[in-house]
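Each residue of the sequence shown is one higher than the last, beginning at 1 in the UniProt record's numbering.
For reference, the structure discussed in these notes is given below.
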Amino acid sequence: MSKSDVEERSRIDIMDDEKIIQERVSNLIDIYAGMTNQSIESIVAEAQRDNLDTGAFKKRPAQIIIEHFRTKRVEYLKLMNDSSYLLSIFDNGREHATEIADKTSNEIEKKRRRMNVFETELGVLTEIAKAVDEMGWLLPTDVQSEAIPMILDGGDVLMAVETGSGKTGAFCLPILQIVHETLRDIQEGNKAIDTDGLTCQSQDQRIWNGARSTKGVKGKDKLYYFEITQTDPNGIARVGWSVPTATLDLGTDNQGFVYGGTGKKSFAKQFDDYDETFGVNDTIGSKDLGHAFDIPRPLQEHTFFAHVCLKSTDVRVNLGAEPFKGTP
């Protein structure tokens, strides 16, 4: 649907004020009918006949009659002693119509802002949604509707569609948002990783911030091990393993496995009690907590990466560069 189609539909929806115009026209008809002894029906028919050649008869009745009165204003003025009065009626009607047009334009703009689907349904930032609206992108294409939320959630997307389907926007909008949010978090100091890549910090008390190791492990019948130690008395930490396609919010999709400081384990948002809570100075990995998960068959051939997810806390990760506190 084009922007002009939506604007026209919105304009029609908002034209309840046209009733006011119709009432004004009705008064004009009564005046004219009284002066000429014509019936209202004959006046309407005359207006429609006068506009038949220009196609204006397709407009609303109120608009037809207003135009009819304007075109024959001189003729009508002759029929009244107080010609200035009738002239003022026409001028007031024109001013009121302008007033309604301005109000309609404002209402259309408000509706457009409220219905920006990029923001309300696809999760695009307000700043980006406003920019695409100014470019004339009122509604997303099919490929944009499917791809943008998936990319923003951290998924890998491969698409094959025809030229002109909106592929560039489908990829560029979420990439812009991810880069913007990453730079903003760094600037605001909400999350950070030390230069050695082993100390992770999150200062955001509202959302989880995740980080994944740059090297992974793969292979059956082998033991892979790492430790984390929470170094901040505040906040909560989660620790586990994930594949590259997993969201950094560990444990909320079916691509990663997590054990959290609240004593819960999770896979695909299924949080279950597991062992005990942990906090500052506790080292996860130094104690055998028993069986936690069965790895689904589709994930068994994937490479897994060490993964931490933090909310307003710090952790130190040991991938083997230092002696382990526990025995693998």
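Even for Gly, the Cβ is constructed at its ideal location relative to N, Cα and C.
Only a predicted model underlies this, so the values are computations on that prediction, with no experimental measurement involved.
On the criterion of 16 or more Cβ atoms from any shown chain inside 10 Å, does T54 qualify as buried, or is it exposed? Residue placement at T54 is flagged as unreliable, the pLDDT there being 45, under the threshold of 50; the coordinate-derived value follows with that caveat. Its Cβ having fewer than 16 others within 10 Å, T54 is exposed.
Cα-Cα, which of F257, T229, G263 and G216 is closest to G326? T229
Residue environment, M291, which counts as buried when at least 16 other CB atoms sit within 10 Å: The sequence as given places His at residue 291; Met does not occur at that position. Exposed: under 16 other Cβ atoms inside 10 Å.
Taking DSSP as the reference, what is the three-state secondary structure of S145? helix
Does the segment 174-181 touch the segment 277-295, meaning 3 or more C-beta pairs lie closer than 8 Å? no
Residue ranges of each alpha helix (DSSP H) run of no fewer than 4 residues wholly in the segment 174-261, ordered along the chain? none
Give the DSSP bridge partners of I284, in chain order. I228
Start-end ranges of the beta strand (DSSP E) lying completely within the segment 113-140, minimum 3 residues: none
Spatial neighbours of I236 within its chain, please: CB distance less than 8 Å, with the 5 preceding and 5 following residues excluded, ordered by chain position. G260, G261, T262, L310, K311, S312 and T313
Exposed or buried, what is E227 when buried is set at 16 or more other beta-carbons lying within 10 Å of its beta-carbon? buried
Endpoints, the beta strand (DSSP E) within which H307 is located: F304 to K311
Quick one: Cα of G251 to Cα of W208, how far? 11 Å
Which same chain residues end up closer than 6 Å to S84 when comparing Cβ atoms and leaving out the 5 residues on each side of it in sequence? Annotation note: pLDDT 48 at S84 (below 50); position unreliable, no value reported.
Status (buried if at least 16 other CB within 10 Å, exposed otherwise) for P122: With the sequence shown as reference, residue 122 is identified as Leu, and Pro is not the correct amino acid for it. Label assigned to L122: buried.
Which class does F171 belong to by DSSP, given the choice of helix, strand or coil? helix
How many angstroms separate the CA atom of A129 from the CA atom of V117? 8 Å
Buried or exposed, going by whether 16 or more other CB atoms sit within 10 Å of the CB of V308? buried
Measure the alpha-carbon distance for residue 344 versus F305 and round it to whole angstroms. For the chain, the structure presents residues 1 to 328; residue 344 sits outside this window and is missing.
Please work out which residues of its chain come closer than 6 Å, Cβ to Cβ, to D156, disregarding the five sequence neighbours upstream and downstream, and give them in chain order. T245
Count the other CB atoms within 10 Å of the CB of L152; is the residue buried (16 or more) or exposed (fewer)? buried
Provide the residue span of the beta strand (DSSP E) that contains K264, from first to last. K264 to F267
Along the chain, where does the beta strand (DSSP E) containing D272 start, and where does it finish? Q270 to D273
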